[in-house]
Amino acid sequence: MSSTTNWRWWELLLWCGAFAMPWLWAERALVINEIAILALFAVSLDLILGYTGIVSLGHAAFFGVGAYSAALFAKFVHPDPLLGLLVGAACATVLGAVCSATILRGSDLTRLMVTLGVALILLELANKFDGLTGGTDGLQGVVIAPLFGRFAFDLYGQVPATYSLGVLLLLFVLARRLVQSPFGATLVAIRDNRLRAMAIGIPVAQRLVVVYTVAAGVAGCAGALLAQTSGFASLDLFEFHRSADVMLVLVIGGTGWLYGGVLGALVFQVLQKAISSVTPQYWTFWIGLFLVVLVLVGRERLVRPWTWRFGGQRV
Amino acid sequence: MNDAVLSAHALVKRFGGITATSNVTLHLARGARHALIGPNGAGKTTLINLLTGVLQPTEGSIRLQGQDISRLAPHLRVRRGLVRTFQINQLFDSLSPQQTLTLVLSQHLGLGARWWQALGADAEVQRRCDALLQQFHLQEVRAMPTRVLAYGKRRLLEIAIALACEPRVLLLDEPVAGVPAGEREELLQTVAALPADVSILLIEHDMDLVFSFATRMTVLVNGAVLTEGDPQSIADDPRVKAVYLGEEVAHG
Chain A
1 MSSTTNWRWW
11 ELLLWCGAFA
21 MPWLWAERAL
31 VINEIAILAL
41 FAVSLDLILG
51 YTGIVSLGHA
61 AFFGVGAYSA
71 ALFAKFVHPD
81 PLLGLLVGAA
91 CATVLGAVCS
101 ATILRGSDLT
111 RLMVTLGVAL
121 ILLELANKFD
131 GLTGGTDGLQ
141 GVVIAPLFGR
151 FAFDLYGQVP
161 ATYSLGVLLL
171 LFVLARRLVQ
181 SPFGATLVAI
191 RDNRLRAMAI
201 GIPVAQRLVV
211 VYTVAAGVAG
221 CAGALLAQTS
231 GFASLDLFEF
241 HRSADVMLVL
251 VIGGTGWLYG
261 GVLGALVFQV
271 LQKAISSVTP
281 QYWTFWIGLF
291 LVVLVLVGRE
301 RLVRPWTWRF
311 GGQRV
Chain B
1001 MNDAVLSAHA
1011 LVKRFGGITA
1021 TSNVTLHLAR
1031 GARHALIGPN
1041 GAGKTTLINL
1051 LTGVLQPTEG
1061 SIRLQGQDIS
1071 RLAPHLRVRR
1081 GLVRTFQINQ
1091 LFDSLSPQQT
1101 LTLVLSQHLG
1111 LGARWWQALG
1121 ADAEVQRRCD
1131 ALLQQFHLQE
1141 VRAMPTRVLA
1151 YGKRRLLEIA
1161 IALACEPRVL
1171 LLDEPVAGVP
1181 AGEREELLQT
1191 VAALPADVSI
1201 LLIEHDMDLV
1211 FSFATRMTVL
1221 VNGAVLTEGD
1231 PQSIADDPRV
1241 KAVYLGEEVA
1251 HG
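Listed in order, the protein sequences are those of chains A and B. The first sequence: position 48 = 48 (this note's numbering), numbered continuously. Heads up, this note's numbering is the position in the second sequence plus 1000, with the first residue counted as 1.
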């Protein structure tokens, strides 16, 4: 079993490539930053959806809370990015712990509705308390101090992209540890068969609370990164499309292997940029078509074109 | 019955207007080889669900080693040594037998909350896992996902999971159902080879098996205890013959 816990060559290559990208290809640094943030958000959803089997259509709640709290902290308390990141993560973690009570009971459909509802409530709250959040205008004038007091966030986005990638890598390594541990195995057991998980002594409710809270904290980090690197927080952070997009990322990349979030985010963002540069209005049509093909043909076969010709006959 | 390890007292379970379990009192002695029989729909599985905490009793109480566990959560009963197997396999399909048993053993040995260590890093867990894989002939399929295993192997894994929890009281819900005749004997020997102080409650339809295994029997009919006694007196009881055993077994 230890072979799965070792790092493979392509993983190292992927991460080295990712960190080199903003510096080799400066004009794409902003996109790389966005990809890293979306990837982190998707990894967070994968912890609960892929590994534990908790469906959520409201993961943006934690993303938004992380973003707003980091932005408010920078604006009113202290501009340091790492402190702000911790504050964003902490606020989202607390919210996750509170909300975890709502996902313990009921069916998948119940959970979809409850998580969706929580995100909508937060959206309305952010809208209502416009004195604090800026309402529909968004929270402006967020200035972030240089990272470690030395590296200022530049307009090209090279420092922000490296910062986001660094946070992504750190949390990815921790998440990887977690899912390959006995704790992670108990999550998979709960996903596969909750009745039996109980019958071998796993405290199911406690595990669900812990993983939901952890995932919320990670989503909060992703939100905080976005607010810090864009210097802005808006109601859009809580919108339904964010929860839906991150779900699509996992549909593209696959659930239950963490890299699904990373690769899915890459494909999703690249497709979005590529298509919208050709046809700005209709890019959602093409990404919709892509998803339909992906699901019908299957991810495995889509990435193995050499099996297309004979695949159908053999099966 | 002071020696009872597990005892149910006047258990009642109602689902709306239906009484699935009606005033059942059952004592399982230390080291018992006790069989629970009854026709389909007699409430055997409901009783198991009540004992293990999947269902809450409407009335009555359950005591394990002298302590009231009537309101205890299912996973806490398991930690106190009350373990069951399922009539229909309840497995972790995406995990391999090795991963499954490693997970169960980790949880059992109190390592289930460790998130910083790799699964199977613990030497004691690994040792016990190898022993169980060997004992249940799961060696050659140890790394395959459980979902692709043949039924016989899945059934063996079902039992192996329960034994990995080191039960003090083991509730076996039709353990050999669907197991090919050749493998039955072996499965039963494994169960019979459990330490003598482990108490076993067996639910089974195969009467040959029940009579060869049990030293005490309880007959459940319509959710209530019809009678209890040693196998011979059960076999001779005309009421039992009438409701359940039928001619076939009376001959054997």
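All residues carry an ideal CB built from backbone N, CA and C; glycine is no exception.
- When Gly1016(B), His1034(B) and Ala1020(B) are compared, the shortest CA-CA separation from Ser1007(B) is found for His1034(B).
- Residues of the same chain with a CB within less than 7 Å of the CB of Val188(A), apart from the 5 flanking positions on each side, are Tyr51 in chain order.
- Taking C-beta atoms as the reference points, Arg1084(B) and Ala1162(B) count as a pair closer than 8 Å.
- Per the coordinates, the alpha-carbon of Ala1010(B) lies some 19 Å from the alpha-carbon of Gly1041(B).
- Taking C-alpha positions only, Arg28(A) is separated from Gln158(A) by approximately 9 Å.
- Looking at the backbone, the Cα of Leu1091(B) and that of Met198(A) are separated by about 12 Å.
- Neighbours of Leu1111(B) in chain A, taken as residues at a C-beta separation under 8 Å, are given in chain order as Pro182.
- In the three-state DSSP reduction, Met1217(B) falls in the strand class (E or B).
- Note on the region 26-75 of chain A: whole alpha helix (DSSP H) runs with a minimum of 4 residues are 29-49, in chain order.
- For Ala71(A) against Val167(A), the beta-carbon gap comes to about 16 Å, at or over 8 Å, which does not count as contact.
- Asn1089(B) and Val1210(B) have their C-alpha atoms spaced approximately 21 Å apart.
- Identification of residues in the region 1108-1142 of chain B having a C-beta nearer than 7 Å to some C-beta of chain A yields His1108, Leu1111, Gly1112, Ala1113, Arg1114, Trp1115, Trp1116, Gln1117, Ala1118, Leu1119 and Gly1120, given in sequence order.
- Taken through DSSP and simplified to helix, strand or coil, Gln281(A) comes out as coil.
- The beta carbon of Arg1084(B) falls within 8 Å of a beta carbon belonging to chain A, placing the residue at that interface.
- When DSSP reads this structure, Thr186(A) sits in no beta bridge, so it has no partner.
- Taking one beta carbon from each stretch, the region 1018-1026 of chain B and the region 1213-1225 of chain B have 3 or more pairs nearer than 8 Å; the two touch.
- The CB of Asn193(A) comes closer than 8 Å to the CB of Gln1090, Leu1091, Phe1092 and Asp1093 in chain B, given here in chain order.
- Chain B has a Cβ within less than 8 Å of the Cβ of Pro203(A).
- Partner residues in a beta bridge of Lys128(A), as assigned by DSSP, do not exist.
- With respect to Ala1143(B), Ser1096(B) sits close: the two C-beta atoms are nearer than 8 Å.
- Closest in C-alpha terms to Leu1028(B), from the list Lys1241(B), Thr1215(B), Ser1233(B) and Gln1232(B), comes Thr1215(B).
- For Ala215(A), the enclosing alpha helix (DSSP H) has its first and last residue at Val204 to Ser230.
- Take Met21(A), set aside five residues on each side of it, and the residues of its chain with a beta-carbon closer than 6 Å to its own are Ile32, in chain order.
- The beta-carbon separation of Ile202(A) and Cys1165(B), rounded to 11 Å, does not stay under the 8 Å limit for a contact.
- Within the DSSP bridge table, the entry for Leu178(A) names no partner.
- Within a 10 Å sphere around the beta-carbon of Arg150(A) sit fewer than 16 other beta-carbons, which makes this residue exposed.
- Of the other Cβ atoms in all chains shown, 16 or more fall within 10 Å of the Cβ of Arg1155(B); this residue is therefore buried.
- Between the region 249-269 of chain A and the region 41-59 of chain A, the count of Cβ pairs shorter than 8 Å is three or higher; the stretches touch.
- With a beta-carbon spacing of about 6 Å, Leu1170(B) and Val1198(B) fall inside the 8 Å limit used to define contacts.
- Taking 8 Å as the cut-off between beta carbons, none of the residues of the region 1167-1182 of chain B comes near chain A.
- Using a CB distance cut-off of 8 Å, Leu1103(B) counts as an interface residue toward chain A.
- Contact between Gln1107(B) and Cys1129(B) does not hold, since their C-beta atoms are separated by about 12 Å, which reaches or exceeds 8 Å.
- For Val77(A) and Glu239(A), the gap between their C-alpha atoms comes out near 27 Å.
- The Cβ neighbour count for Phe73(A), taken over all protein chains shown within 10 Å, is at least 16; the residue is labelled buried.
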